[in-house]
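Counting along the first sequence from 1, when you hit position 312 you're at 312 in the numbering used here, and nothing is skipped either side. We treat Cβ as the ideally placed atom computed from N, Cα and C, and that holds for glycine. Treat the numbers as computed from the prediction; the structure is a model and nothing was measured.
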Amino acid sequence: MLTTVPRGTKDILPADIGAWRYLENTMRDICARFGYEEIRTPIFEHTELFQRGIGDTTDVVEKEMYTFTDRGERSLTLRPENTASVVRAYVEHKLYAENSPTKLFYIGPMFRYDRPQAGRYRQFHQFGVEALGAVGPNIDAEIIILAVTVLQSLGLKDLKLKINSVGCPKCRPEHRNRLQEFFKPKFNELCKDCQSRFDRNPLRILDCKVPHCGELSVGAPSLGECLCEECSSHFEKLKELLTSAGLTYEVDTNLVRGLDYYTRTAFEIQYTPLGAQSAVCGGGRYDGLVKEVGGPETPGIGFAMGMERILLALESQNLIPDTNFSTDVYAICTNEENFSLTFKTVIDLRREGLKAEFDFNGRSMKAQMKQANRYNAKYVLIFGEDEVKNGKVVLRDMLNSDQKEIDLKDITTILKAEVQNNE
RNA sequence: GUGGCUAUGGUGAAGUGGUUAACACGGCGGGUUGUGGUCCCGUUAUGCGUGGGUUCGAUCCCCACUAGUCACCCCA
Numbered sequence: 001m002l003t004t005v006p007r008g009t010k011d012i013l014p015a016d017i018g019a020w021r022y023l024e025n026t027m028r029d030i031c032a033r034f035g036y037e038e039i040r041t042p043i044f045e046h047t048e049l050f051q052r053g054i055g056d057t058t059d060v061v062e063k064e065m066y067t068f069t070d071r072g073e074r075s076l077t078l079r080p081e082n083t084a085s086v087v088r089a090y091v092e093h094k095l096y097a098e099n100s101p102t103k104l105f106y107i108g109p110m111f112r113y114d115r116p117q118a119g120r121y122r123q124f125h126q127f128g129v130e131a132l133g134a135v136g137p138n139i140d141a142e143i144i145i146l147a148v149t150v151l152q153s154l155g156l157k158d159l160k161l162k163i164n165s166v167g168c169p170k171c172r173p174e175h176r177n178r179l180q181e182f183f184k185p186k187f188n189e190l191c192k193d194c195q196s197r198f199d200r201n202p203l204r205i206l207d208c209k210v211p212h213c214g215e216l217s218v219g220a221p222s223l224g225e226c227l228c229e230e231c232s233s234h235f236e237k238l239k240e241l242l243t244s245a246g247l248t249y250e251v252d253t254n255l256v257r258g259l260d261y262y263t264r265t266a267f268e269i270q271y272t273p274l275g276a277q278s279a280v281c282g283g284g285r286y287d288g289l290v291k292e293v294g295g296p297e298t299p300g301i302g303f304a305m306g307m308e309r310i311l312l313a314l315e316s317q318n319l320i321p322d323t324n325f326s327t328d329v330y331a332i333c334t335n336e337e338n339f340s341l342t343f344k345t346v347i348d349l350r351r352e353g354l355k356a357e358f359d360f361n362g363r364s365m366k367a368q369m370k371q372a373n374r375y376n377a378k379y380v381l382i383f384g385e386d387e388v389k390n391g392k393v394v395l396r397d398m399l400n401s402d403q404k405e406i407d408l409k410d411i412t413t414i415l416k417a418e419v420q421n422n423e
């Protein structure tokens, strides 16, 4: 147990870090292009924030949170997602008083107690974007295009963009009633899960995987037909904007988001080869959330992407560029008397901004050469016995295997020049 | 949370109820007295996830646990 990570967590080792940096950099770059700025919120918050923000009856809050009491008897929770926190920060720091809309993004770990599977971890990472203070469908379109742009820039193909409108507090109850009326006579035929959904969230019955429930759902009133005037024109306008931006999407009237705060626009991007964990990005509009958390009535919209899932997708398509590690100079020392000199030279070179290495294990010259090779060294400096006696050192160019003797005192200047020349 | 499958070294893996657990990669060390990336040689498992049991004997059989994985669920 001492030598194992907790279930559902993972070490990100040096070998993987390149892929992560690549992902993060791409995301940051594109956010900058779209005018979104980074925000970093705490990894834990007051439990109440999530209960209020995400919704008491959601699975996430009901059975997936890591909640604990701290020494001051406060109930705290490791963030299961970041929208609630961002909204909290927005309200707390009165960002609404500044230039509107407020466009933010974040990258960081989230925590959910769930049964682990590939693409589903208890500590996982999300990249997410939130825009607060804009009502119109144009921001919805921008956000969706941003999400698609990120995934496309990473080279992902075969993505499926699904959109839907889940209505607003005005039209949703209407739909809910009609749904319940529709399913009432069939209640006993529904599966267990759906029977419990009947009260809590009848909308979810529509995308139940049990075949019989699917049959029973045929002809159920769709949300689309119940949307109020404002909601449906918002949705129409959004579709128009997406089309004009050249995006292909699919309207999926069964698309429902699991968090209570969503209103109107809901969307999801899938990468189907990932199987059960194919949802690579999900988001939507949450016009009631800011108020719910105690701020002024402010509209908002955002999305989150699962970094691990994207990484899986990239790996499967070989889309991760290799970041090969390289060293400018590897200094070889052949006898102990010269070690201090070798060591000092390496330190000096590093001070000059070069990537310099040396051997830590007192290896033979041949072994040190092999090391230099493994480090991908461009140059090797050999502090040979005879040469050092004459105030010289051998400089070997590892690429073309040329080598020459140079004066000890010229090492830094020559190497700096050589390395610069190569770049 | 439910059900299925899997579990051998740093990695990919072969294998059997009974002497020294293949092979490949990687790592380390060498290849005639100070030079790498190719090639060649040597070396590299507290013994087959953990704990029980069956057996004269188990890495190979049974059970439990743990972990991974797939589907459900949920979601990113």
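With a threshold of 16 other beta carbon atoms within 10 Å, F325 falls short and is exposed. In this structure A266 is not in contact with V148, their Cβ atoms being roughly 15 Å apart against a cut-off of 8 Å.
Residues of the same chain with a CB within less than 8 Å of the CB of V293, apart from the 5 flanking positions on each side, are L49, R52, G53, A84, V87, R88, V91 in chain order. By the Cβ neighbour-count rule, N138 is exposed, with fewer than 16 other Cβ atoms within 10 Å of its own.
Within the model, the alpha-carbon separation for E229 versus F235 is close to 10 Å. One thing to note: L76 has its Cβ no nearer than 7 Å to the Cβ of Y66.
Rounded to whole angstroms, the separation of the alpha carbons of Y36 and K157 is 25 Å.
Using a 10 angstroms sphere on the CB of T345, the tally of other CB atoms reaches 16 or more, which defines it as buried.
DSSP, reduced to helix, strand and coil, places H175 within a helical segment of the structure shown. The C-beta of P101 has 16 or more other C-beta atoms within 10 Å across all chains shown, which makes the residue buried. Per DSSP, reduced to three states, the secondary structure at F358 is strand. Cα atoms of L2 and Q180: separation of roughly 52 Å, rounded to the nearest angstrom. As the crow flies, the alpha-carbon of A220 is around 32 Å from that of S244. Shown here for G391: same chain residues with a beta carbon closer than 8 Å to its own, the five before and five after excluded, namely D407, L408, K409 in chain order. Uninterrupted alpha helix (DSSP H) stretches at least 4 residues long and entirely within the region 286 to 361 occur at 289 to 292, 307 to 316, 339 to 351, given in chain order. Secondary structure note for I107: its beta strand (DSSP E) is the uninterrupted segment 102 to 111. Comparing alpha carbon positions, the residue from E418, D359, D287 closest to C333 is D359.
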